[in-house]
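Colleague:
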Amino acid sequence: MAAPTAALSTLSATATASTKRFVTSPFSLSFSSRRLTTGIRTTPRRSASSSTTIVAATIAVGDKLPNATLSYFDPSDGELKTTTVADLTAGKKSILFAVPGAFTPTCSQKHLPGFVSKAAELRAKGVETIACVSVNDAFVMRAWKESLGLPDDGVILLSDGNLELTRALGVEMDLSDKPMGLGVRSRRYALLADDGVVKVLNLEEGGAFTTSSAEEMLKAL
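Per our numbering, residue 67 is the first one in the sequence shown, and the count goes up by one each step.
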């Protein structure tokens, strides 16, 4: 299936973050979580600070990204469409970053806006595709974009509502024991791929936000 044109191939080098204020509740998604152990390359290890078993992701630098289908609303015609990881990354430098949830504080106030504001700098370093992935449906992702007043030619917001990509990467986290009702989501990460091969992978512990920022990706380019 062809990659989205209006949202990907004609991304403006002048996209800037919206100044629209977004008000959220004060809780944070910087929590510990239970990792799901699906995937064939999970490697258990012990945390230095506790006896909790942490399961490593099944994706690593040097690996080819697994293909998966993601959905989005095309801003050019308002229609619900799908794209694939292969379409997003083939023959180009691409950044995919994931957030635990749309409308959540760190994701809305820092992670996503950071990539929007740094989009021009990232493209100046050869990045063609910048996409935000979340385990939310496409309607929620569209509403999130609209609530933040994000430009159409900036970061594309993609729904991984069925966890197809999240599970293929081995980055699920089970938040079903938390009071927010999030269920199974994706760990926060940012990765740089060149022709579909992972060159940089900044994977956070749970919902922490330390190494997956746009600034960190710029340093890696």
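Beta carbons are placed, not taken as given, at the ideal position from N, Cα and C, and that holds for glycine.
(1) Have a look at Val193 and Ser242 and give me their C-alpha separation to the nearest angstrom.
(2) Taking the C-alpha atoms as reference points, what is the distance between Ile196 and Leu162?
(3) Determine the burial state of Glu270: buried for a count of at least 16 other Cβ atoms within 10 Å of its Cβ, exposed for fewer.
(4) Do you know how far the Cα of Ser200 is from the Cα of Ser142?
(5) With a threshold of 8 Å on Cβ separation, who are the neighbours of Asp129 within its own chain once the five nearest residues in sequence on each side are excluded?
(6) Pull the bridge partners of Ser160 from the DSSP assignment, please.
(7) Could you tell me how far apart the beta carbons of Ala256 and Pro132 are, in whole angstroms, since I believe they sit closer than 8 Å?
(8) Quick check on Leu146: buried or exposed, where buried means 16 or more other Cβ atoms within 10 Å of its Cβ?
(9) Starting from Ser279 and walking both ways along the alpha helix (DSSP H), at which residues does that stretch end?
(10) Out of Arg208, Leu216 and Asp218, point me to the one whose CA is closest to Gly227's CA.
(11) State buried or exposed for Pro179, treating a residue as buried only when at least 16 other CB atoms are found within 10 Å of its CB.
(12) Using only alpha-carbon positions, find the residue among Met246, Asp261 and Arg253 that is nearest to Ser278.
(13) Give the list of continuous alpha helix (DSSP H) stretches no shorter than 4 residues that lie fully inside the stretch 189-235.
(14) When you compare only the Cα positions, how much space is there between Arg107 and Thr232?
Modeller: In brief:
(1) Locating residue 193 in the sequence shown gives position 127, counting from the first residue. Locating residue 242 in the sequence shown gives position 176, counting from the first residue. Taking the straight line joining both Cα atoms gives about 36 Å.
(2) For the purposes of this step, residue 196 is identified with residue 130 of the sequence shown, where counting begins at 1. For the purposes of this step, residue 162 is identified with residue 96 of the sequence shown, where counting begins at 1. Their Cα atoms are separated by approximately 6 Å.
(3) For the purposes of this step, residue 270 is taken as residue 204 along the sequence shown, with counting starting at 1. The residue is buried, with at least 16 neighbouring Cβ atoms inside 10 Å.
(4) Counting from 1 along the sequence shown, the entry for residue 142 is found at position 76. Counting from 1 along the sequence shown, the entry for residue 200 is found at position 134. Here the alpha carbon of Ser142 sits roughly 22 Å from the alpha carbon of Ser200.
(5) Locating residue 129 in the sequence shown gives position 63, where the first residue counts as 1. Counting only Cβ-Cβ distances below 8 Å, and skipping sequence neighbours, we find Val263 and Val264.
(6) As a first step, residue 160 is located in the sequence shown; it is residue number 94 there, counting from the start. BP columns for Ser160 point to Thr195 and Ala259.
(7) Numbered from its first residue, the sequence shown carries residue 256 at position 190. Numbered from its first residue, the sequence shown carries residue 132 at position 66. Under the criterion of beta carbons closer than 8 Å, Ala256 and Pro132 do not qualify as touching, at roughly 17 Å.
(8) Position 80 of the sequence shown, counted from the start, is the residue given in the question as residue 146. Its Cβ having fewer than 16 others within 10 Å, Leu146 is exposed.
(9) Position 213 of the sequence shown, counted from the start, is the residue given in the question as residue 279. Note, Ser279: premise wrong, no alpha helix (DSSP H); not H, not E.
(10) Indexing the sequence shown from 1 puts residue 227 at position 161. The residue among Arg208, Leu216 and Asp218 with its C-alpha nearest the C-alpha of Gly227 is Arg208.
(11) Translated into positions along the sequence shown, residue 179 becomes position 113. Label assigned to Pro179: buried.
(12) Numbered from its first residue, the sequence shown carries residue 278 at position 212. The shortest Cα separation from Ser278 among Met246, Asp261 and Arg253 belongs to Arg253.
(13) Listed in chain order, the complete alpha helix (DSSP H) runs (minimum 4 residues) inside the stretch 189-235 are 204-214 and 230-235.
(14) As a position in the sequence shown, residue 107 is number 41, starting the count at 1. As a position in the sequence shown, residue 232 is number 166, starting the count at 1. Unreliable positioning characterises Arg107 in this predicted model, as indicated by a pLDDT of 39, which lies under 50. The coordinate reading is nonetheless provided below. Cα to Cα, the separation comes out at about 14 Å.
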